[in-house]
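In order, the protein sequence lines correspond to chains V and P. Following this note's numbering from start to finish, the first sequence increments by one per residue and tops out at 440. Following this note's numbering from start to finish, the second sequence increments by one per residue and tops out at 1250.
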Amino acid sequence: METAIKTSTVKDKLIFEFDTSKLFLFGNTKLREKAMESFYKIGIPNRKHEEYKYTRIDVMLKEEFYFSPDKNCNDEQIGHLKFLKDAYVVIIENGVFVKGLSNLQNLPKGLIICSLVDAEKSNSPVFEKHYAKYADVNADPFIALNTAMTKDGVFIHVAKNTIIEKPIHIIHVATAIQNTIIHPRNLIVVDENAQAKIVESFEILDSTAKIFSNALTEIVIDEYAVVDHYKIQDENAGLPDRQELGYLVNTTQVIQKKQSVFTTHTFTLSGSLVRNNLTLVLDGEHIESHLNGLYLTAGNQVVDNHTVVDHRKPNCNSNELYKGIIDGKSTATFNGKIFVRKDAQKTNAFQSNKNILLSEAGTINTKPQLEIYADDVKCSHGTSTGKLDEDKIFYLRARGLSLESAKKLLMHAFASEVVNTIKIEPLHEYIEGKIFKKFE
Amino acid sequence: MISIKNLHASIDGKEILKGINLEIKAGEVHAIMGPNGSGKSTLSAVLAGRSEYEVTEGEVTYNGINLLELSPEDRAREGVFLAFQYPIEIPGVSNVNFLKTAIGEIRAYKGLEPMAAKDFLAMLKEKQKLVELDGKLANRSVNVGFSGGEKKRNEIFQMAMLNPKLAILDETDSGLDIDALRIVANGVNKLKSKDNATIIITHYQRLLDYIIPDFVHVIYNGKIVKSGSKELALELEEKGYDFIKEEIEA
Chain V
1 METAIKTSTV KDKLIFEFDT SKLFLFGNTK LREKAMESFY KIGIPNRKHE
51 EYKYTRIDVM LKEEFYFSPD KNCNDEQIGH LKFLKDAYVV IIENGVFVKG
101 LSNLQNLPKG LIICSLVDAE KSNSPVFEKH YAKYADVNAD PFIALNTAMT
151 KDGVFIHVAK NTIIEKPIHI IHVATAIQNT IIHPRNLIVV DENAQAKIVE
201 SFEILDSTAK IFSNALTEIV IDEYAVVDHY KIQDENAGLP DRQELGYLVN
251 TTQVIQKKQS VFTTHTFTLS GSLVRNNLTL VLDGEHIESH LNGLYLTAGN
301 QVVDNHTVVD HRKPNCNSNE LYKGIIDGKS TATFNGKIFV RKDAQKTNAF
351 QSNKNILLSE AGTINTKPQL EIYADDVKCS HGTSTGKLDE DKIFYLRARG
401 LSLESAKKLL MHAFASEVVN TIKIEPLHEY IEGKIFKKFE
Chain P
1001 MISIKNLHAS IDGKEILKGI NLEIKAGEVH AIMGPNGSGK STLSAVLAGR
1051 SEYEVTEGEV TYNGINLLEL SPEDRAREGV FLAFQYPIEI PGVSNVNFLK
1101 TAIGEIRAYK GLEPMAAKDF LAMLKEKQKL VELDGKLANR SVNVGFSGGE
1151 KKRNEIFQMA MLNPKLAILD ETDSGLDIDA LRIVANGVNK LKSKDNATII
1201 ITHYQRLLDY IIPDFVHVIY NGKIVKSGSK ELALELEEKG YDFIKEEIEA
C-alpha cells in the first residue's frame, strides 16, 4: 500500500510542478496540456506495465525529486567531455542549451543549430512543421512527460543537398546536489539529399545527488538523406568512486522517408538505470536502416533496450544487431519489435541479440517480436545468451595467455563486432579506449 | 626433458589413461600411435592442462618441475606447445594480435623485455614463410574461415612463433592432403633442434615418412603396450592395429 501512495506522490508532484510552470515554458501550452493529460492517464509505469516490467522506474522515483537543478558547470569542467576534437559541439546542461559552452562558430551554409526555445521564438517553419509530430504522447508515459515538461534542448536543421562532414556532438551534461528530474529534448531535421553525423553523449559531473534524465530526440530524415547517429551513455563514468547517480530514459523517435539511409548506434557503458526507447518508422520505399547496440553492465545496473522498427512501405531493409556483456548483479533487457505492415512487401528485416553472462547473479531478458502482415518478406531474428566459451579460453591459455587476458581478449572480440560499425574514426578510438578500460 | 610415470587420468569418472610411462630427452622425436579411443588425445590434453581431465595417479616431471601443478598458460610459458587436433575458431581476435599478446605474456613471465614491434613483424614474416601461410591469413581472425589445411598450418605457424621446447602435435596430419602434409612436416623439421623435443600423435604412419621419429610407441587401452624404432610404425601400417591387440591378448 505504501508503495502505491509514494508513487502517486511523485505523479502528483509532477502534475503540480507542471501546473505551476507551464506558462513559463516555451511553445504551445495546449500541446503540453494534452501531453500531461496522457501522462496522468498512464502514470509512472510499474511492474504491471508490460513494457516496463523489468525496469522499475517507479521504484527509483519513490525518492524525493526536484525540478530545478541548482548547479552550473564551467568551460574547464566540461573540457574533457568534448572528446571529438573536430566537431560542432552542442552543450545541453541540465536540459538547457548553453550557447556559451558550445562550439558553434562558423557553421557551414545550410546548417542551423540553435536552442529549441529560439527555434520556437523565431517561428521557424521547419520547427513548426516537425516539432512533437512523431513521438506519440499516448504511446509512452515518458514521451508524454517530456512533451509536457521540457524546458529546452537543441534544434538542428540540415538544409536540402547539404553535406555536413564534421560530426555534430550533442553533449548532455547534468549536475545536481539534490535529486533532480530533467527533460531535455532535441529535434533534428535532415532535409532531402542532405547528410549528417550526429553524436549524443550523456554525462554527469560534479554531483552528489541522483539525476533522472528523461531525454527525447526526434529525428526526421527526408528523401535520399543519409544520417549516421550515435548515443554514448556513460553517465556514472565521470563520478568518483563509481557513485550511482545517473538514471536515464532516452527516447529516440526516427522517421525516414524514401531512399534514405539511417544508421544508429547505442553504447551503454555506465548508468545506474538506462532505458532506451528507440523507434524507427520507415515511411517510404527503398529505405535502409541499421540499428547497432552494445551494453556492458555490472554492479546493480539495469539497462533496458526497447527498439521498434516499423516497416510501412515496400522494398526496405533493416538490420539490427545488439550485443551485451552482463556482469555482477546487473540486469539487461532487450526487447526488439519489428512490424511489417500490409503494404510493406519485399521487406528484408533482420535482428540479432547476443549476450555473454559473466556472473551467476546477472540477468538477461531478451524478447524478439515480429509482427508481419505482408506475405512476401524476408525476416529473421535470433538471440543467444551464454558464458565465455571454455574451449576458446583454453586455446588461448595453451598459447601462454593468462586466464584474465584470455577472457579480456574474447570480450573484446565479442564487442568489436558492434564497435567496428562506428564510422567516425576518433569516436571509434574513444569507444575502444573506454571499453578497454572497462575490461581492466 | 619430460618424464611421465604411471600416469592415470579420467574424465567424468571414466579412466582413460591407465598408467603411461614415457621418457623423452631433448633432441628426440617420439611418435605415439594407436587405434581410436586408445587415449592418445587424452594424453596430449592432460599434458597441456585441460581441466576436464582428472589426474588420479602418477607424475609428470618437465625440466625438473612438476608439470601437473602448472596452469595451462604457465605450461605454455615454460615451453610446452600443443598443436590442436581441432584448432578453435575465435572470431574477432586477429592472429597477429593474439600472437603479440601471447609472446608479450610469455616474455613477461620469463622476465624479458617486451619485443620491439619491428622485430615482431620481422619474425612474423619469416615464420609465415616457413609454413607457406598466406600473409593475409595472419591478419584475419584466428582460424575463422580457414580450410582444414590452413588451420593445421596455422598451428605450426604459432608453434614457430612461440618456439617451444616440447611440441605435441595431436593428429596434425588428419585431414591434410599430401601437399599440406609436406608443408607442415617441413615446418616441423625446420623447427627441430638438439634442444627441443617433439611428440607426434598420429593414427597413420604417413606423417612419419616426412618427420622421422627416433622412437615409436603404441598406446592401447590407456597404456603404452609396445615401443620401438621407426620400423614399428611401418609394421603397424602393414598389419593394422589388430596384431597389437592379438599380441596383448595372447
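Don't be surprised by glycine CBs; every beta carbon is placed ideally from N, CA and C.
Counting along the chain, where does the alpha helix (DSSP H) carrying Q1128/P start and finish?
1117-1130
Quick check: the Cα distance between H183/V and Y52/V, rounded to an integer number of angstroms?
19 Å
- Task: Kindly indicate the opening and closing residues of the alpha helix (DSSP H) around L239/V.
- Result: First-last for L239/V: undefined, no H or E at that position.
Closer than 9 Å to chain P by CB, G238/V: no
Indicate the three-state DSSP secondary structure (helix, strand or coil) for V226/V in the structure shown. strand
I'd like to know if L1082/P contacts chain V, where contact means its C-beta is closer than 9 Å to some C-beta of that chain. yes
Near Y1109/P, which residues of its chain fall below 6 Å by C-beta distance, leaving aside the five closest residues on each side in sequence?
R1077
Checklist line | Listed by chain order, chain V residues near P1091/P by CB distance under 7 Å | finding: A413
Does DSSP put K62/V in a helix, a strand or coil? coil
#### Entry: Listed by chain order, chain V residues near Q1158/P by CB distance under 9 Å
R399
ask   = To the nearest angstrom, how far is it from the Cα of G293/V to the Cα of L321/V?
value = 6 Å
Self-check item: Contact set for K367/V: own chain, Cβ-Cβ below 6 Å, skip 5 residues either direction
Solution: N335
Practice prompt. Give the residues of chain V in contact with R1077/P, contact being defined as C-beta atoms less than 9 Å apart.
Written response: G400
| query | Cα separation between D152/V and H172/V? | reply | 12 Å
Fill in: alpha helix (DSSP H) segments (min. 4 residues) lying fully within the stretch 366-392 of chain V
none
- Query: With a cut-off of 8 Å, do at least 3 Cβ pairs link the stretch 302-314 of chain V to the stretch 280-287 of chain V?
  - Reply: yes
Practice prompt. Could you tell me the distance, in whole angstroms, from the CA atom of R1182/P to the CA atom of S1147/P?
Written response: 16 Å
**Asked** Can you tell me where the beta strand (DSSP E) with L403/V in it begins and where it stops?
**Response** Where L403/V is concerned, there is no enclosing beta strand (DSSP E), although the alpha helix (DSSP H) it sits in stretches over 403-419.
- In its own chain, which residues sit with a C-beta less than 6 Å from the C-beta of I287/V, not counting the 5 before and 5 after it? Q256, S260, C316
| Apart from the five residues just before and just after G1019/P, which ones in its own chain have a Cβ nearer than 8 Å to its Cβ? | N1006, L1007, H1008, E1057, G1058, G1222, K1223
(message) For H1217/P, list the residues DSSP reports as bridge partners.
(response) I1032/P, S1227/P
Where in the stretch 1063-1115 of chain P do unbroken runs of the alpha helix (DSSP H), each at least 4 residues long, occur, reported from the N-terminal end onward?
1072-1077, 1095-1109
inquiry  = Quick check: the stretch 1174-1193 of chain P against the stretch 1213-1220 of chain P, are at least 3 beta-carbon pairs closer than 8 Å?
reply    = no
Go through its chain and collect everything with a Cβ distance to N138/V's Cβ below 6 Å, but skip five positions before and after it. S38
ask   = With 9 Å set as the bound, which would you pick, yes or no: does the beta-carbon of Y322/V sit closer than that to a beta-carbon of chain P?
value = no
For P1072/P, which residues in chain V fall below 7 Å Cβ to Cβ? F394, R397, A398
Please determine, among K1239/P, N1021/P, A1160/P, N1154/P, the residue with the shortest C-alpha to C-alpha distance to S1193/P. A1160/P
| request: Say whether chain V places a C-beta atom closer than 9 Å to the C-beta of I1016/P. | output: no
- Task: Would you please state the rounded distance, in angstroms, between the beta carbons of P167/V and L84/V? I believe it to be under 8 Å.
- Result: 6 Å
Please report the residue range of the beta strand (DSSP E) in which T83/V lies.
Sequence inspection shows Phe at residue 83/V; the Thr mentioned does not correspond to that position. That residue, F83/V, is in no beta strand (DSSP E); it is neither H nor E in DSSP.
- Query: Which stretch, first to last residue, makes up the alpha helix (DSSP H) that contains R1153/P?
  - Reply: 1148-1162
(request) Count the other CB atoms, across all protein chains shown, that sit within 10 Å of the CB of T86/V; report buried if there are 16 or more and exposed otherwise. (result) Before going further, note that residue 86/V is Asp rather than Thr in the sequence given. Label assigned to D86/V: exposed.
Check this for me: beta carbons of F350/V and S318/V, under 9 Å apart or not?
yes
Taking the straight line between their C-alpha atoms, what separation do you get for E2/V and E93/V? The predicted position of E2/V is uncertain, since its pLDDT is 38 and thus under 50; a value taken from the coordinates is nonetheless stated next. Computed Cα separation, rounded: 35 Å.
query = If we ignore side chains and look at the alpha-carbon of each, how far apart do H428/V and Y230/V end up?
reply = 11 Å
Assuming contact is defined by CB atoms lying nearer than 9 Å, are E1171/P and T1202/P in contact in what I supplied? yes
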